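J.:
2 protein chains.
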Amino acid sequence: MCVDRTLLPCMTSILDHKLRRAQLLVFQDFAGTFSKLRLRPAEFSVLAMIAKHPGQKQTTIAEGLGIKRANFVALMDSLERRGLAERRKGEHDRRSHSLHLTEEGTRFVEGMAQLWSEHEDRLVARLGGVENRERLIALLDKLLCGAAPLADDPDQPQAH
Amino acid sequence: MCVDRTLLPCMTSILDHKLRRAQLLVFQDFAGTFSKLRLRPAEFSVLAMIAKHPGQKQTTIAEGLGIKRANFVALMDSLERRGLAERRKGEHDRRSHSLHLTEEGTRFVEGMAQLWSEHEDRLVARLGGVENRERLIALLDKLLCGAAPLADDPDQPQAH
DNA sequence: TATTGTTATACTCTATAACTATA
DNA sequence: TATAGTTATAGAGTATAACAATA
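If you read the protein sequences in the order shown, they are chains A and B. full-length UniProt numbering puts the first sequence at residues 1 to 160. full-length UniProt numbering puts the second sequence at residues 1 to 160.
Next comes the structure, spelled out in C-alpha cells:
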C-alpha cells in the first residue's frame, strides 16, 4: 500500500499506465464488435480515411493516420485483396498511387458505420455521456498538439 | 474534407484513434527518457509495482498491471538477470514466487523516479497544467470502470 | 481438481534501412 | 538528388493452449 520510500507514484495512478489500459479496453471492445467483419482497427481506419478522402495518395492517407508508409503497404494489400479498396496509378506523378473504395467497399463502409455506433455508444455509456467524450478528446488533443492530422475536421458540421 | 455520404465520423475525431495516438506519443517520450537506463515501459511498471508491493506473489503483481501471467515471465526473467529484482519461493505455498527488489534494484528505482518526473513534467506541460492531468486520469478511470487495480490507491493522498 | 509458474506460439502494431521506379 | 511505394526485418505488447509442480 505504497509503503516505499521512493518518489514514484503508484503505477495505477500514472497517466502512461491508464492510457495504455484504456487504449487496450477500447480496442478490445472494437475487436469484439468488428470480428464479424473480420476487420482490425488499423483496417477500419484506412477504409474510413479513404471514404473521407477518396483519391488522396497513399503516403498522405498513411501519414494522416500516423501509420508509417512501410507498414501501410500490407494493410492496403489486404484491403485490395478483399476487393474493398484499390490503388490507381497517379496520372500526373506515376510514382504515386491514389486510393479509392470499390463499390463493394462503399457498401462495406456503410455496414461499418452501423457497427461503429454500437461500439461508440458503449464507450460513451462508460464515460457517462457525450460531454465526457468531448472532454476526453479535447484533453487528448492537448497531449497531441503538434501532431497535425489531415485537414478534414474544420469542414465537418460538428455533430460530435 | 468529409464529403462522403457515410455515417462515419472523420477518423481524426474518433476516440479510439486519438487514444492510440496519445498512447504512442506518451510511450515514445517515455522511451526517449528511459533509453539511458535501457528500460522499457513494461519493465518500468514492474519495478514500480514491486517497489510499492514488495513480497506480493507474481500473479498478483502481473494482474495489477494488466499483464497476462504468461507474458510476465520473460519480463521478470530480464529484471532478475539484471540483478534489479528477484523471485523468492513462497513459504506457505511453494508453488508461488514472492517478488522483491534487490538492493541494487532499490537504488535503480530511485534513479527511475528522477527521470520519471522529467517525463511527467513534459506531459503535464503539454496538457497545460496538473489540473488537466487529473481531469484526464479521471475520464480514463471512467472508461476503465470495472477493471480493478491492486488496492493501493485508497491510501494515496488522493489529489484527484 | 484447481492454481502457480512456465513454455511455446501466433498475431498486431510499430520502427528502420535499403531497394525500385519514377521525378 | 529526391520522392513514392515497396521489401525485409526486428522489436514491443498481447493472447491462448498446454504442461509440471504443488495445493
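Ideal Cβ positions, reconstructed from N, Cα and C, are used throughout, including at glycine. Predicted, not measured: the structure shown is a model, and the values here were computed from it.
According to DSSP, K57 (chain A) sits in a beta bridge with which residue or residues?
T.: Looking up residue 57 (chain A) in the first sequence gives position 57. Answer by DSSP bridge pairing, in chain order: A:S98.
J.: Could you tell me which chain A residues have their CB closer than 8 Å to the CB of R122 (chain B), listed as they occur along the chain?
T.: Locating residue 122 (chain B) in the second sequence gives position 122, where the first residue counts as 1. Neighbours of R122 (chain B) on chain A: none; closest Cβ ~10 Å, over 8 Å.
J.: Could you tell me which residues DSSP puts in a beta bridge with A85 (chain B)?
T.: For this step, residue 85 (chain B) is matched to residue 85 along the second sequence. According to DSSP, which records beta bridges pairwise, A85 (chain B) is partnered with B:L101.
J.: T12 (chain A) by DSSP, collapsed to three states: which one?
T.: One-based indexing of the first sequence puts residue 12 (chain A) at position 12. In this structure, T12 (chain A) counts as helix in the three-state DSSP scheme.
J.: So with CB distances below 9 Å, who are the chain A contacts of H97 (chain B)?
T.: As a first step, residue 97 (chain B) is located in the second sequence; it is residue number 97 there, counting from the start. Simply none; closest approach about 19 Å.
J.: List the endpoints of the continuous alpha helix (DSSP H) containing L37 (chain A).
T.: Taking the first residue of the first sequence as 1, we reach residue 37 (chain A) at position 37. Taken as a continuous stretch (DSSP letters only), L37 (chain A) belongs to no alpha helix (DSSP H), as it is neither H nor E.
J.: Between the stretch 87-107 of chain B and the stretch 64-72 of chain B, can you find at least three pairs of beta-carbon atoms closer than 8 Å?
T.: At 8 Å Cβ cutoff, the stretches do not touch.
J.: If you pair each beta-carbon of the stretch 7-27 of chain A with each one of the stretch 127-142 of chain B, do three or more pairs fall below 8 Å?
T.: Output reads yes: the stretch 127-142 of chain B touches the stretch 7-27 of chain A.
J.: Can you name the residues of chain A whose CB is closer than 9 Å to the CB of T6 (chain B)?
T.: Along the second sequence, read from residue 1 onward, the residue named residue 6 (chain B) stands at position 6. Per Cβ cutoff of 9 Å: A48, A51, K52, T106, V109, E110, M112 and A113.
J.: Would you decide whether E91 (chain A) is buried or exposed? Buried here means 16 or more other CB atoms lie within 10 Å of its CB.
T.: Translated into the one-based positions of the first sequence, residue 91 (chain A) becomes position 91. That one is exposed.
J.: Quick check on R133 (chain B) - is its C-beta less than 9 Å from some C-beta in chain A?
T.: Translated into the one-based positions of the second sequence, residue 133 (chain B) becomes position 133. Yes, R133 (chain B) counts as interfacial toward chain A.
J.: So that I know if they touch, is there some Cβ in chain B lying closer than 9 Å to that of F30 (chain A)?
T.: Taking the first sequence and counting its residues from 1, the one referred to as residue 30 (chain A) is at position 30. True, the Cβ-Cβ gap to chain B drops below 9 Å.
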